[in-house]
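Chains A and B, in that order, give the protein sequences. Residue numbers for the first sequence, in this note's numbering: 1 to 429. Residue numbers for the second sequence, in this note's numbering: 430 to 556. Ideal Cβ positions, reconstructed from N, Cα and C, are used throughout, including at glycine. What you are looking at is a predicted structure, and each value in this text was computed from that prediction instead of being measured. See structure below.
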Amino acid sequence: MIPSTCHAPCNEKWLLRLVPAGLAVAITIGLSLAALPDSGGAWRRVAIISGWASSGLLATAMLLMVRLPRLSKLFGDLDNAYLWHHRCGAAAYLTLLLHPVALAMDAAQAAPGSGWTAISPAGGEWARWLGWAALLGLMLGLMATFALRLPYRIWRNAHWLLAFTVVGSVAHTLAYVGNHPAALIFAGLCMLALALRFGSTVLATNARRYQVVEAEQVATRVIELRLRPKSRHIALHPGQFVMAAFDANPAYRGCGEFHPFTASEVSSDGSLKLAIKALGPCTRRIQGISPGAIARLQGPFGGFLSCDRDRPQLWVAAGIGITPFVAALRAERCLVATELIYAFAERDSAAFVDKLSALADADPLLSLTRIEAADASAAIKRRLDELHDLKDRALQICGPADMVAWIASEARRRGVAAGNIHFERFDFR
Amino acid sequence: MTRILFIVATALFWTAIAWFALQAPTDVRSPAVADAETTSEAPETPQPTFSLKTLAQHDHIDDCWMAIDGVVYDFTEYIPRHPTPAEVMTAWCGREASAAYHDKGDGEPHSRRADAMLPRYRIGVLN
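Here it is, written out as structure tokens:
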């Protein structure tokens with residue numbers, strides 16, 4: 001059975017998804033007001049306000065990257081927290097750029113030609129060096145973030161550069177306005193977020209230990225692992241995902257990195273199955289894992305398939321995006337008419353095709369449409385056109401981000417209300 | 430969209446910074462250093478002298494004098510430009526502030542750039 005908590009009211013969920021934006025506004029305005037200058041020219045005021053606004057946005061971005069299940073729920077799930085983490089980071093950078101420019105403008109107004117002197121790192125103050133280092137670090141870190149083709153590990157290391165940038169930014173602020181309450185709040189929030197992030201991702205103190213008890217190749221480059229908890233288990237619902245790291249043992253080289261994996265089966269005894277496709281160096285190595293290996297799991301995260309489950313369903317999956325639907329169908333028979341469109345490039349690389357066919361044969365409310373094509377867009381469009389009750393269905397989509405966006409847009413063009421379209425972003429870059 | 434905004438903002442930022450750098454005097458010295466040297470090379474003129482009692486009368490944000498190493502400065506115009514909140518500086522208005530100048534609170538003295546700016550605000554010496 002799908003637990004009743006999966007049917008949480010969607011309105012409440014949408015409200016929670018606005019929490020990160022509210023937090024950003026509250027912290028940014030709070031810090032800016034607390035440090036509002038009571039003297040100085042217009043550019044001087046712009047410089048101070050932009051500096052504090054940037055600090056507030058940076059502190060919010062840091063808090064939003066903390067990976068704790070309860071906190072992520074408060075922020076409308078992990079994908080929403082990470083989305084706003086990126087938005088706040090970019091906004092912090094844009095406002096930070098204004099800070100030195102406004103300082104230089106202020107100095108140039110007082111004495112023409114002295115703009116550069118006012119901001120030049122050659123001024124000899126280490127605090128100013130720290131400010132420049134923080135700004136350049138943020139610039140380089142964001143450059144790496146926006147480079148989508150960058151290999152994951154380089155991208156990840158570039159992200160750690162941003163952590164040093166935050167430390168530099170805090171030190172710069174404390175050096176200039178050390179005992180100001182706004183500076184202490186900014187420093188406190190950043191240090192708290194960094195400590196929580198370090199504890200949850202590097203030390204992984206909140207991870208639960210599981211053991212791999214079965215490993216089955218379910219398609220080319222896709223392995224499905226059954227994991228049994230070594231002690232307390234994670235209460236997971238179909239559609240949710242965990243962050244998992246597989247440790248080394250004598251038979252397996254290990255891959256200590258945490259990656260997100262959606263459950264393909266959730267059992268009442270606390271064990272679960274993860275379907276893992278080889279997409280990078282770490283997931284390629286996991287394909288060779290054998291029973292006995294130890295995994296550390298964090299979660300649960302996400303709330304996919306938790307909304308709109310009482311109306312007719314249209315589920316669209318591409319590739320390994322089939323996983324949450326498999327978990328839901330393994331958990332219970334359909335309660336309403338459900339059509340599952342499963343698009344994949346080649347039969348050999350498509351996981352669970354036979355299992356899904358068997359489930360559809362046994363469940364009169366479930367119909368399965370398989371689309372085997374390198375480009376499934378034409379077939380998906382055709383099927384959307386054929387569905388006369390498309391507008392009445394809840395559309396649940398899982399797959400690559402660009403494919404999800406395309407299907408959502410096609411559905412909206414055919415009159416499906418935005419509130420009836422559900423998906424989550426699993427690409428955290 | 431965010432990526433385009435990042436590229437445009439970064440390009441505008443470096444354009445502005447380059448413009449400020451080009452506006453700076455071609456002499457590698459900062460204008461403040463040049464001012465300081467000009468002041469020191471100027472013919473000796475009698476300096477007004479002020480007592481600590483007179484100094485103490487200029488203890489407001491709108492009328493802020495300080496004595497540093499025996500020299501009296503009028504920092505009234507500079508206070509809005511100081512990097513810290515105004516109260517950090519106004520706490521020393523009307524007082525002998527050498528200790529605060531040589532230790533900002535972190536054990537570090539003010540920068541060479543600050544040294545170079547002092548002559549602009551010099552109004553006399555302490556008797």
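Query                                                                                                                                                                                 : Result
Whose CA, out of A:ARG309, A:LEU314, A:ALA127 and A:VAL326, lies closest to the CA of A:VAL266?                                                                                       : A:VAL326
So A:CYS190 is in the alpha helix (DSSP H); what residue range does that whole segment cover?                                                                                         : 181 to 197
If you count every other CB in all the chains shown that lies within 10 Å of the CB of A:ALA418, and 16 or more means buried, which is it?                                            : exposed
Grab the span of the alpha helix (DSSP H) containing A:CYS307 for me, first residue to last.                                                                                          : Neither: A:CYS307 is in no alpha helix (DSSP H) and is coded neither H nor E.
Helix, strand or coil for B:PRO509? Go by DSSP, reduced to three states.                                                                                                              : helix
Tell me whether A:SER515 sits in a helix, a strand or coil according to DSSP, three-state version.                                                                                    : No answer is possible for residue 515 of chain A: the residues shown for chain A start at 1 and end at 429.
Pick from A:LEU140, A:VAL222, A:ARG309 and A:ALA102: whose alpha carbon is nearest that of A:GLY51?                                                                                   : A:ALA102
Who are the neighbours of B:ALA400 on chain A, taking C-beta pairs under 7 angstroms?                                                                                                 : Beyond the ends of chain B as shown, which are 430 and 556, falls residue 400 of chain B; an answer cannot be given.
Give me the DSSP bridge partner(s) of B:CYS522.                                                                                                                                       : In the DSSP output, where bridge partners are listed per residue, B:CYS522 has none listed.
Measure the C-alpha to C-alpha separation of A:ALA373 and A:ARG347 and round it to an integer number of angstroms.                                                                    : 9 angstroms
In angstroms, rounded to a whole number, what distance separates the CA positions of A:ASP79 and A:SER264?                                                                            : 19 angstroms
Is there a Cβ of chain A sitting closer than 7 angstroms to that of B:PRO512, yes or no?                                                                                              : yes
Thinking C-alpha only, which one of A:LEU142, A:MET105, A:LEU184 and A:ILE286 is nearest A:ALA248?                                                                                    : A:ILE286
Strictly under 7 angstroms for the Cβ-Cβ distance: is A:GLY113 near chain B by that measure?                                                                                          : yes
Specify the secondary structure class of B:GLU466 as computed by DSSP and reduced to three states.                                                                                    : Bear in mind that the predicted position of B:GLU466 carries a pLDDT of just 42, short of 50, making it too unreliable to give a figure here.
So for A:VAL266, helix, strand or coil by DSSP?                                                                                                                                       : strand
Contact between the segment 57 to 77 of chain A and the segment 87 to 95 of chain A: three or more CB pairs below 8 angstroms?                                                        : yes
Spell out whether any CB of chain B is found under 7 angstroms from the CB atom of A:PHE146.                                                                                          : yes
Which residues mark the beginning and the end of the alpha helix (DSSP H) in which A:SER377 is found?                                                                                 : 377 to 386
I'd like the list of long-range same chain contacts for B:ALA445, defined as Cβ closer than 6 angstroms, with 5 residues on each side in sequence excluded.                           : none
Please specify which runs of the alpha helix (DSSP H), each continuous and at least 4 residues long, are wholly inside the segment 122 to 150 of chain A, giving them in chain order. : 126 to 146
I'd like to check one pair, B:ASP488 with B:GLY523: are the Cβ atoms closer than 7 angstroms?                                                                                         : yes
On the CB-based measure, 16 or more other CB atoms within 10 Å of its CB, does A:GLY319 come out buried or exposed?                                                                   : buried
Here's the rule I'm using: 16 or more other beta-carbon atoms within 10 Å means buried, otherwise exposed. How should A:SER120 be labelled?                                           : buried
Among A:LEU297, A:LEU335 and A:THR205, which has the Cα closest to the Cα of A:ARG311?                                                                                                : A:LEU335
DSSP puts A:TYR342 in a beta bridge; with which residues?                                                                                                                             : A:ALA317 and A:ARG370
Going by CA-CA distance only, name the one from A:ILE341, A:MET105, A:SER54 and A:SER271 that's closest to B:TRP448.                                                                  : A:MET105
Three-state secondary structure (DSSP) at B:VAL457?                                                                                                                                   : Model confidence at B:VAL457 stands at a pLDDT of 41, short of 50, so the residue's coordinates are unreliable and nothing is read from them.
Under a three-way DSSP split, which group does A:ALA244 fall into?                                                                                                                    : strand
Can you name the start and end residues of the beta strand (DSSP E) that A:ARG228 belongs to?                                                                                         : 222 to 229
Tell whether a beta-carbon distance below 7 angstroms holds between A:VAL213 and A:CYS190.                                                                                            : no
Taking the beta carbon of A:PHE241 as the centre, do at least 16 other beta carbons fall within 10 Å, making it buried, or is it exposed?                                             : buried
Tell me, please, whether the CB atom of A:HIS172 is closer than 7 angstroms to any CB atom in chain B?                                                                                : no
From the beta carbon of A:GLU424, is the nearest beta carbon of chain B less than 7 angstroms away?                                                                                   : no
Would A:HIS466 be called buried (16 or more neighbouring beta carbons within 10 Å of its own) or exposed?                                                                             : Given a span of 1 to 429 for chain A in the structure shown, any question on residue 466 of chain A remains unanswerable.
Using C-beta distances below 6 angstroms, list every residue in its chain close to A:THR205, excluding the 5 sequence neighbours before and after it, in chain order.                 : GLY199
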